[in-house]
Amino acid sequence: MLKNEIEEKVKQFPTYLKSWVKTFLGGLTLFCIISLIALPFLSQNQNFTHVFLRQFTLAMIFSIFAASWDLLTGISGQISFGHAIFFGIAGYICAYLISYQNFPPWIAIFIGAIGAVFFGLIIGIPCLRLRGPYLALGTLAFSLVLLKLFLMGSLSDVLFGSEGISDYRIQISDNPVVEYIIILMFMIVSFITIIQVSKSKFGTILKSIRDDEVSADASGINTTRFKVYAFMLSALFAGIAGACYATYVGAVNPTGNFGATISFYAILMASLGGLTTIRGSALGAFFFIFLEYSLIVAGAEIYVNLIFALILIVVVRFSEHGILKPILERIKDLWDLLLGR
Amino acid sequence: MLEMKKIYHYYGKARALEEINLKIEEKALDVVIGPNGAGKSTLLRVISGLEEPDRGKIEFLGERIDGLKPHKITKKGISHCPERRRLFYDMTVEDNLKMGAYVQKNRSIYNKQLEFIFELFPRLKERRKQRAGTLSGGEQQMLAIARSLLSNPKLLLMDEPSLGLAPKVKKKIFEAIEQIKNEGTTTLLVEQDAVLAMEVGETIHLLEEGKIEMRGTSEELKREPRIKKVYLGI
Amino acid sequence: MIEDIMNMLFNGILNGAVLALISLGYSLVYGVGGIMNMAHGAYFMLTGYLLLWGMRIFPGMLFLTVIFVIIIITIIGGLTYILLIKPLQDTHVGVVLITFGLAFLIEQWILIVSGTTSASINDYVLFPGTTEFLGYSMFNQYIFFIIASLVIVSLFALFISKSKLGKSIRAVSQDREAAVLMGINANRVLLYTVMISAFLAAIAASLYLPGAALTGPGMGWTYLTSSFAVIILGGMGSLVGSVVGGYIMGFVTSFTSIFLPNGPSWAHVVPLIVILIVLIIRPRGLFGKKKLR
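Going down the list, the protein sequences come from chains A, B and C.
Numbered per our numbering, the first sequence spans residues 1 to 341.
Numbered per our numbering, the second sequence spans residues 1001 to 1234.
Numbered per our numbering, the third sequence spans residues 2001 to 2293.
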C-alpha cells in the first residue's frame, strides 16, 4: 500500500516538478538555487573564495538555523528563546568528536545533530507545561543556565571551560569551495525537508495546535506528543546548523555557541523574513550576514546588534508578515508586468 | 432614544446580524426573543461597542455611537449587563457595585441609586462585605443587574438575566425588571424564555438567524400561530 | 558558622526584597493584560547604568538623581506600552518579540556606551557605612533597602485593594470585557500597570545596585529569568505569590551560594531547578488559580 503510494509519487514527480517550476515561487526558488550552485565557479580569486564565498557559507548555515526556529515557533507556535541550546550542543559534540576522538567531520556533524535531538526531547518535555510567552522565558532560562554551566571553572575538566575546544582539524574541508558546496547541500536538503514537513499532514497538525490547542486536543490529537516531535525535529536542524558552524569557525566556546545572542539571531532572522514563511528565514539570514559583513568592513562592528535590534522592532511593529511576503509581491508584480500578463 | 439603521455584522465570514433596524422609544421596555445562536447577544454587543458593526448606523439620543470604544459608550449612558453575569468574582459585593458606578462622579446620585437597588434586592445589602464568588446564582444575577444600574444609565441592555435560574428566582428577577422600568429606565432585554418575556415586554422583536422576522406588541405576537407553536408551546 | 548563618539570612532577605519588587510588577502586568514584557529585566539594568552616569555627572545630588532616574524609567515603561505593546496586544508572539527587541536594543546601547566590563556604583550609596548586629556587619544601604522594600510592598497592597485605580486594575485583570462595560478604559489601566511595574523595578535597582555591582549589560536577562522563576513558583498573576515566591527564591539562592561547595556559581542554576520542580509537582505554583495560558 505504502509502496504503491511512494511509486505513484515518484512517477508523478517529474510532472509535479515541471508545474512547480512554472509557478512564480518555484521559478524564483530554482533561480536562487542555480545561482548559489554557480557562484563558486565565477572566480578563482583568493579574496573571492576565502572572504566573499565564506560569507555565503555562513549565511547558509544561519539560514538552516533560522528555518529550524521558524519550524518550531512559526509553524508549531512554540516560542523558543533558547535555540542556542541545540546549536551549541551539536557544535560541542561535533568539535569534541573531531578533536578528541578523531572522527571524520561528516560523522561528527551527524552525531552532533542527533545529540541536539536528544536535548530537544529533554528540554521539550518539561517545557511543554509552559505555553506561549512562558515557554519563551523557560527556554531562555534553560539556555542561560547551560551557558553558565559551560562557563563554570569547576566544571572545566568536563565541559572545557570558557576556552572551549579549538583545533585546526575541526573543519569540513580546507578548500572553501568544497565547504561551500557541502553546506549548500545541507541547506537545500534541510529546506526541502522543513517545507515538505510543514505542508504535510504532520505540519497541518502542528498548525492546528498553534492556532487552537484546546480544540486540537478535543479533536483527538495528542498535542503533547506532537509538540515534543516538533521540538525534536526543530532541534535536528538547529543541530545540523550548529555542528556546521563549529566546523566553519574551527572552534567552539560557551559564548560563541551557547550565548543568548545566538538564539537572538535565529529570532531576528526568521522574524525579519516573516514567521511561518520558511523561505523567509533564508532571506533574513542572508540579509543579516551581509549587513553584518558590510558593517564590519565599514568599521562599525559594535553597532551591528544595535542595528539588528532596531530592525527587529520596526519589522515586528509595522509588518506583521516580515519582509519576505511584501518583497515577493513586488517582484511578482514586476514579473507579471514584464510578461505582459 | 436608540436607533439602529441597517446594521450588518459578521464573525469572519459567518453572518451574525443582517439588516437590523431597531428603534427604542424613551421609557420603553423592549424585548428581543429568539432561539439560541440567533444573534441576540451579538445585537447587544454591537450596541455597547464590544463588537463594531461591519455596516450600518447606530444613533443614541441623536448622536452616532457606532465605532466608539465601549467605555465611551458606557459614559454616554448605555449600560450593558452581560450574559452569564460576568461579575468580578474575587471582589466584594460592595466593590463590584463601586465598579458599576465607575463613570458616576456624582455622589448623591450614587447614593440614591444605591438605596434603590438595596430596596430592589435587600439580599445584596446583607451581603455587602461578602466576595461576589460566594453568592448563589440568583444573588449573583441580582448583583449583575444592580451593578449595571449604578451608573444610572439612560438605556439598560440586559442579556439573558434568567439564564440558569430556578423558576422562583426567575420570577423575582423579572419583577425587579418591571420595577426598574417603572422607575423610568429605558430597557432592552434579550430573553430566551419567551413566556416570561412576553409578560413584561411592551414591544417584542423576534430575532431568527440574524434577522428581525417579526415585531409587535406582546398581544399581537401572542396571536401569531408560529410564535404560539414554536416559542410559547401552546 | 554563626556568621555563615547570619550571612545567609541577611542575603536571603536582601535577594528576596529585590526579587519581590521585580516580580511583583512583572506578575501584575501579566495578570492584568496577559502581557509578557521581556524588557522588564532591561528596566532594572538600565536604572543601574543611568544612576552610574547620572551620579558621575551630578556628584552632589544623589537623592535627586535617584528620583530623576526612577521617573525616567517609569516613563520608558509607559512608552513601551504605548508605542510597542498596545499595537500588538492581540498577538502573544508579537508582544514577546517586540519587547524582546527593545530589551536587546537597550542592552546593546549600554554595551556600546560602557562596554562589557562590570562597574561598581559603590561610591554612590545613599546611606554609607555599616551596622553591626550579633557580630555581623551589614551595609546601611541594604538595611534601608530591605525596610523600604517592605514598606513599598505594603503600600502597593493597600493601593491595589483600596484605591479606585487599584480596584479598576483588579477588575480588568479578572474580567477585561466586564470592566470595559463598566466604563473603565482598559488600555489606560494597562498603561498605568506597565508604568507601575517599571517604577517598582527602578526602585529595586536604584536602592539595591549601589551596594552591589553592575555586572555588565547582560544582567537584565538574569533578573528577567529569576523573576520569571519567582512567578512560576508563586503562581502566574498572583501578587501574593510573587512576594512570597521572591523571598523563598532569595533564601534558596543565598543558601546555595553560602553552604554548597562551589555555591556562588551554582546559585545561578537555582532558578531553573526551581522552575523544573514547580512545573513537575505543582504547575500552577503556590498561589496560582488560573491555569497557565
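Even for Gly, the Cβ is constructed at its ideal location relative to N, Cα and C.
Quick caveat, the model's predicted, so the values are computed rather than measured.
- Excluding sequence positions up to five before and after Phe-226 (chain A), its CB lies within less than 7 Å of the CB of Ile-205, Leu-206, Ile-209, all in the same chain and listed in chain order.
- Neighbourhood of Gln-2174 (chain C) in chain B, by CB distance below 8 Å: Phe-1088, Tyr-1089, Asp-1090, Met-1091, in chain order.
- Counting only runs of 3+ residues, the beta strand (DSSP E) found wholly inside the segment 1048-1076 of chain B occupies 1055-1060, in chain order.
- Within the same chain, Cβ atoms closer than 7 Å to the Cβ of Val-1195 (chain B) are found at Leu-1232, the five residues on either side in sequence being excluded.
- Chain-ordered, the chain C residues with CB closer than 7 Å to the CB of Ile-302 (chain A) read Ile-2112.
- Considering only A:Gly-256, A:Ala-285, A:Ala-260, the residue with the shortest C-alpha distance to Leu-272 (chain A) is A:Ala-285.
- For Trp-2109 (chain C), the residues of chain A that pass the 7 Å Cβ criterion are Leu-306, in the order they occur in the chain.
- Within the segment 2015-2044 of chain C, the residues whose Cβ lies closer than 7 Å to some Cβ of chain A are Met-2036, listed in chain order.
- Residue pairing by DSSP puts Leu-1156 (chain B) in a beta bridge opposite B:Ser-1079, B:Thr-1187.
- For Pro-2264 (chain C), the closest Cβ of chain A is not nearer than 8 Å.
- Per DSSP, Phe-2068 (chain C) is one residue of the alpha helix (DSSP H) stretching across 2062-2079.
- For the segment 2182-2204 of chain C, the set of positions with a beta-carbon nearer than 7 Å to some beta-carbon of chain B reads Met-2182, Gly-2183, Ile-2184, Asn-2185 in chain order.
- Counting only runs that start and end inside the segment 2205-2273 of chain C, the alpha helix (DSSP H) elements of at least 4 residues fall at 2219-2234, 2239-2259, 2263-2266.
- Using a Cβ-Cβ cut-off of 8 Å, Phe-118 (chain A) does not count as an interface residue toward chain C, since no Cβ of chain C sits closer than that to its own.
- Note on Asp-211 (chain A): under 16 other CB atoms within 10 angstroms of its CB, so exposed under the neighbour-count rule.
- For Val-228 (chain A), the uninterrupted alpha helix (DSSP H) segment begins and ends at 223-249.
- Note that the segment 274-291 of chain A touches the segment 314-334 of chain A; at least 3 beta-carbon pairs, one per stretch, sit closer than 8 Å.
- In this structure, Val-2230 (chain C) lies near Ser-2242 (chain C), with their beta-carbon atoms less than 8 Å apart.
- Out of B:Pro-1035, B:Arg-1215, B:Gly-1039, the CA that lies nearest to the CA of Tyr-1011 (chain B) is found in B:Gly-1039.
- Going by C-alpha positions, Gly-120 (chain A) is about 5 Å away from Ala-235 (chain A).
- Look at Arg-1147 (chain B) here: in three-state DSSP terms it is helix.
- Look at the beta carbons and you see the segment 165-173 of chain A touching the segment 245-255 of chain A: at least three pairs across the two are nearer than 8 Å.
- The straight-line gap separating the alpha-carbon atoms of Gln-46 (chain A) and Gly-2054 (chain C) is approximately 51 Å.
- For the pair of segments examined, the segment 2161-2177 of chain C was found to touch the segment 1089-1098 of chain B: the number of CB pairs separated by less than 8 Å reaches three.
- Three or more Cβ pairs drawn from the segment 141-158 of chain A and the segment 2215-2227 of chain C lie within less than 8 Å of each other, which places the two stretches in contact.
- Val-2096 (chain C) is a Cβ neighbour of Pro-133 (chain A), given a cutoff of 8 Å.
- By the beta-carbon neighbour count (other beta carbons within 10 angstroms, threshold 16), Thr-2047 (chain C) is buried.
- Taking the Cα of Gly-1034 (chain B) as reference, the smallest distance to any Cα among B:Tyr-1008, B:Leu-1156, B:Gln-1192 is reached at B:Gln-1192.
- Residue-level contact by beta carbon fails for Pro-2059 (chain C) and chain A, as no gap is shorter than 8 Å.
- Counting C-beta pairs closer than 8 Å gives fewer than three between the segment 2072-2086 of chain C and the segment 170-181 of chain A, which falls short of the contact rule.
- Taking a cut-off of 8 Å on C-beta distances, the segment 50-66 of chain A touches the segment 260-272 of chain A, as three or more cross pairs fall below it.
- Secondary structure note for Met-1004 (chain B): its beta strand (DSSP E) is the uninterrupted segment 1002-1011.
- Remark: fewer than three beta-carbon pairs, one from each stretch, lie closer than 8 Å, so the segment 97-114 of chain A and the segment 297-315 of chain A are not flagged as touching.
- Lys-1211 (chain B) is bridged by DSSP to B:Glu-1208.
- Here Val-252 (chain A) is bridged, per DSSP, to A:Ile-165.
- The alpha-carbon separation between Asp-70 (chain A) and Ala-95 (chain A) amounts to approximately 26 Å.
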